[in-house]
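Down below is the structure, laid out as structure tokens.
In this note's numbering, the protein residues as written are 1 to 141.
This is the structure we're talking about:
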């Protein structure tokens, strides 16, 4: 089972709810810069590009050994793989989305179904008001 963070759009339309799975992101690890650009995480992409460029300049000027640069690059990639999805949630929050909750599901579609089912139940309970005893035996004692 995977845990998904559900983020609702600033205008509250259900068409724009985004589900971000928790855990390690292999695509963020393997394609760090492309992944951050794909998810419109401009600040993260700029920091990755600056770090990789600085390492390239340091290796070209022979101030850092190539082996050290490779270790640093893989360290950055590993850190992005571990924290990339959290950074995506932070980026979406900066864009105005709000975290509506967590959903545990086996796949993305099941997470959507569970989230919207819980949301529908919550809306129905709001319309109904506080729950009342059906039989009326133990009401307002």
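From the three backbone atoms N, C-alpha and C, an ideal C-beta is built for every residue, glycine too.
As the structure is a computational prediction, the values presented were derived from the model and not from experiment.
What is the DSSP secondary structure of residue 36, counted as helix, strand or coil? helix
Can you tell me which of the three DSSP states residue 25 falls into? coil
Alpha carbon to alpha carbon, how far is residue 56 from residue 144? Give it in angstroms, no decimals. Lying before the first or after the last residue shown, residue 144 is absent from the chain, which here runs from 1 to 141.
Span of the beta strand (DSSP E), counted from its first residue to its last, around residue 98: 98-105
Quick one: residues in its chain with C-beta nearer than 7 Å to the C-beta of residue 78, no 5 flanking neighbours on either side, listed in chain order? 29
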